[in-house]
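Visitor: For the sequence shown, numbering that gives the first Met the number 0 assigns the number 0 to the initial residue and increments by one for each residue that follows. Just so it is clear, CB atoms sit at the ideal spot from N, CA and C, and this is done for glycine as well. Before I ask anything, let me first share the structure, which is written out below as structure tokens.
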Amino acid sequence: MSSRKPIRKAVFPVAGLGTRFLPATKAIPKELLPVVDRPLIQYAVDEAREAGIEQMIFVTGRGKTALVEHFDIAYELESTMGERGKDLSVLEPTRFTPGDLITVRQQVPLGLGHAIWCARAIVGDEPFAILLPDELMVGEPGCLAQMVEAYEQVGGNLISVLEVPREEVSSYGVIDPGASQGALTEVRGLVEKPPVDKAPSNKIISGRYILQPEVMRTLENQETGAGGEIQLTDAMAAMIGDQPFHAVTFAGRRFDCGSKTGFVEATLALALERDDMGADVRRIAERLLAQ
Ligand code: UTP
0 MSSRKPIRKA VFPVAGLGTR FLPATKAIPK ELLPVVDRPL IQYAVDEARE AGIEQMIFVT
60 GRGKTALVEH FDIAYELEST MGERGKDLSV LEPTRFTPGD LITVRQQVPL GLGHAIWCAR
120 AIVGDEPFAI LLPDELMVGE PGCLAQMVEA YEQVGGNLIS VLEVPREEVS SYGVIDPGAS
180 QGALTEVRGL VEKPPVDKAP SNKIISGRYI LQPEVMRTLE NQETGAGGEI QLTDAMAAMI
240 GDQPFHAVTF AGRRFDCGSK TGFVEATLAL ALERDDMGAD VRRIAERLLA Q
């Protein structure tokens with residue numbers, strides 16, 4: 000049994016504008032776009048639950064109320080379905096014990112770092128997880144569960160990473176890697192969106208974090224970074240050296256559902272794997288590709 004404080008809370012920053020998906024995301028939050036039949040936020044919440052998270056904190060903004068409704072009881076829907084003898088178990092993952100889903104508001108989308116900082120009072124003095132729902136992580140166990148296991152060994156701060164072709168690094172946060180052991184790599188530095196020739200590696204940060212609460216203080220005093228936003232990467236970089244900092248290479252697949260092609264890829268990959276529709280989707284895909 001580990002003596003480390005358990006990771007009980009997770010922050011889901013969902014206040015971004017989702018401009019890459021306009022007009023789809025004008026009135027619907029990006030995180031509610033469905034991959035097959037589950038919205039992105041549901042995949043992230045399921046992943047957090049599997050990792051033992053008890054309290055989910057959504058950092059929302061204007062126009063994001065539907066995200067909270069998704070996890071509420073839909074009384075009319077459920078009673079009508081019940082009267083018609085329909086199976087309600089499909090709604091099971093959308094249920095929450097009252098008090099276990101908390102929202103805070105980011106009034107102005109000033110960046111990911113700022114969104115995390117908005118959750119400081121609820122996070123309090125505990126290590127916590129962050130999940131970016133537009134990065135869909137598929138694995139068994141899930142990405143956050145793999146990270147929690149690593150956390151029990153090394154503690155401190157952890158980020159999930161994956162390798163990408165070198166020419167793609169400038170779109171991401173990149174680690175400067177130290178020694179590696181199995182899936183764990185020591186992190187010596189972090190840089191947000193480096194030019195290809197200045198990137199310290201091709202290992203990119205991939206949307207899952209376990210951080211110590213001190214990051215909130217760093218965020219509090221932070222200047223804006225790349226893109227004029229308050230960057231989480233910069234705040235994490237400032238903690239390297241003071242606390243253990245490791246990257247966990249995720250054993251699984253990651254789909255960048257913040258981009259249109261990544262979203263289509265995720266939809267196709269997950270649909271092809273489904274028992275109820277995989278064979279049909281394969282036939283459709285083969286027919287389309289043959290045209
Ligand atoms: P993105 O960089 O994907 O931005 O944010 P975005 O606004 O969602 O989408 P585009 O680029 O305009 O299409 C990464 C994550 O950080 C959250 C987003 O909701 C997403 O989960 N975020 C970003 C915030 O919560 N607040 C912000 O100010 C910025």
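Counting pairs of Cβ atoms below 8 Å between the region 1-10 and the region 40-54, do you hit three or more?
Guide: Contact between the region 1-10 and the region 40-54 is present, because at least three Cβ pairs lie under 8 Å.
Visitor: In the DSSP assignment, the beta strand (DSSP E) including Gly188 goes from what residue to what residue?
Guide: Residues Leu183 to Glu191.
Visitor: Give me the Cα-Cα distance between Leu130 and Ile27, rounded to the nearest whole angstrom.
Guide: Straight-line Cα distance between these residues: approximately 20 Å.
Visitor: I'd like the list of long-range same chain contacts for Asp99, defined as Cβ closer than 7 Å, with 5 residues on each side in sequence excluded.
Guide: For Asp99, where only same-chain residues beyond five positions count, the Cβ hits under 7 Å are Glu53, Gln54 and Met55.
Visitor: Starting from the Cα of Ile121, find the closest Cα among Pro243, Leu287 and Ala9 and give me that residue.
Guide: That would be Ala9, whose Cα lies nearest to the Cα of Ile121.
Visitor: Check whether the Cβ atoms of Pro132 and Ala43 lie closer than 7 Å to each other.
Guide: Result yes, Cβ atoms of Pro132 and Ala43 sit closer than 7 Å.
Visitor: Give the range of the beta strand (DSSP E) segment to which Gln242 is assigned.
Guide: From DSSP, Gln242 is part of no beta strand (DSSP E); its letter is neither H nor E.
Visitor: In the region 33-72, which residue ranges form an unbroken beta strand (DSSP E) of at least 3 residues, counting only runs that do not cross its ends?
Guide: 54-59, all fully within the region 33-72.
Visitor: Tell me whether Pro108 counts as near ligand 1, meaning its Cβ is closer than 6 Å to at least one heavy atom of that ligand.
Guide: Yes, ligand 1 has a heavy atom inside 6 Å of this Cβ.
Visitor: In three-state DSSP terms, what is Gly172?
Guide: Gly172 falls in the strand class under three-state DSSP.
Visitor: Checking the sheet assignment: what are the DSSP bridge partners for Val137?
Guide: DSSP output for Val137 lists Arg252 as bridge partner(s).
Visitor: Val263: beta carbon under 6 Å from a heavy atom of ligand 1?
Guide: False, no ligand heavy atom lies under 6 Å from that Cβ.
Visitor: In the DSSP assignment, what are the bridge partners of Thr102?
Guide: Thr102 is bridged to Phe57.
Visitor: Locate the beta strand (DSSP E) running through Ser205, then write down its first and last residues.
Guide: Its beta strand (DSSP E) spans residues Lys202 to Leu210.
Visitor: Using three-state DSSP, classify Ala9 as helix, strand or coil.
Guide: Three-state result, Ala9: strand.
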